[in-house]
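Student:
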Amino acid sequence: MPTANQTLDAPDTVARRSSAHAATPAAAETPARPAEASSRAAAPHRGGSPWRGWVGSILFSLCTIAIIAWGWLGRDQSGLTAESGTGYALGIIGAVTMILLLLYPMRKRLSFMRRWGSVPVWFSTHMIMGIIAPVCILFHANFQLGSLNSNVALISTLTVAGSGIIGRFIYTKVHYGLYGGRVTLNALREDALTAKGRLSAEFAFAPQLRARLQAFEDRVLAPARNPLHGLVKVMVLGMRVRATRLRLSRFMSGAVRLKARQAGWTWRERRRNRRDARRFLSVYLRTVRQVAELGFYERLFSFWHVLHLPLFFMLVVAGVMHVVAVHMY
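All residue numbers for the sequence shown refer to the working numbering, where the first residue is 208 and numbers rise by one.
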């Protein structure tokens, strides 16, 4: 299996491209007209739009934060108590919702449940319940600490909720968005090569661009010397990509202006060509970044899976002990 820390161009791919270039020199030297460039899509994004689900997630997150802030600020005037009334009911709702979170992994693993709705719907419900449950528990406790067993249950709930939020972030790094399929290295390499090929074709009149793209790949995809170096590379990769986008955008704008004067492009054609070039460049840089990050986030996601399930069972044990203690003593 290929690793992420490799150049995107495999030797046989380079050979095929070299032979094709030699066979059709005229086509390689003639850039596509802007109208033709705009009719092509950028590299494919597998699994749907990368923004799918993000708008709803942001709105839900803002509403959750607002509710928690309202509960925290009004905790002294709310009159909620864990022993009776609304506070007690919220504790029951939170505990039942936490138990229901097990349905999602069961839906994925048990054959008789695989026809019970689509996985994206189950996943959305799992994430929503994973936020609703700890919020109910916070209101159940009225944002205050109590006895030892209740404190353990509360801290376990918040720990599992925090772990879930971290897992959701890592999930988007190894999948196409929230609801797309699992990212594969071969698919990412294919997308990056497609975007680079289109950029090179559109800017055949500026061969320096391909050399700059290759230099960026060589730096970003160089293997990490050790795990700490790999972590640092991932942390600074975003800044490096943004700096590269700025430099290459300036270079391409200058190349487009020069070519527009030589070829007699209209102002509208020049603007369309710059827009298409920026789109191809964004797809290319985003995909190369995913290639560089994929191995790191796959290992991190595997480690998170190993850690999250024991944390959840610890929460179940703490919750059961809390319920038993409350009703027996």
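Where is the CB? At the ideal position from N, CA and C, for every residue including glycine.
Compare the beta carbon distance of Leu310 and His333 with 9 Å and say whether it is the shorter of the two.
Tutor: yes
Student: Roughly how many angstroms separate the alpha carbons of Val443 and Gly298, rounded to a whole number?
Tutor: 43 Å
Student: DSSP three-state label for Arg322, please.
Tutor: coil
Student: Going along the chain, which residues of its own chain have a beta-carbon closer than 8 Å to the beta-carbon of Thr451, five neighbours each way excluded?
Tutor: Phe423 and Leu492
Student: Relative to the alpha-carbon of Ser268, which residue among Ile338, Phe458 and Arg457 has its alpha-carbon at the smallest distance?
Tutor: The alpha carbon of Ser268 has as its nearest neighbour, out of Ile338, Phe458 and Arg457, the alpha carbon of Ile338.
Student: Do Gly292 and Pro341 have their C-beta atoms within less than 9 Å of each other?
Tutor: no
Student: Check this for me: beta carbons of Ser456 and Leu488, under 9 Å apart or not?
Tutor: yes
Student: Can you check DSSP and say which residues form a bridge with Thr288?
Tutor: Residue pairing by DSSP places Thr288 opposite Ser291 in a beta bridge.
Student: In terms of residue numbering, what span does the alpha helix (DSSP H) encompassing Arg482 cover?
Tutor: Trp474 to Met535
Student: Would you kindly work out how many angstroms separate the C-alpha atoms of Leu355 and Thr379, rounded to a whole number?
Tutor: 37 Å
Student: From Ala525 to Leu400, what distance separates their C-alpha atoms?
Tutor: 51 Å
Student: Would you kindly report the start and end of the unbroken alpha helix (DSSP H) that includes Val390?
Tutor: Where Val390 is concerned, there is no enclosing alpha helix (DSSP H), given that its DSSP letter is neither H nor E.
Student: Can you check DSSP and say which residues form a bridge with His382?
Tutor: Arg389
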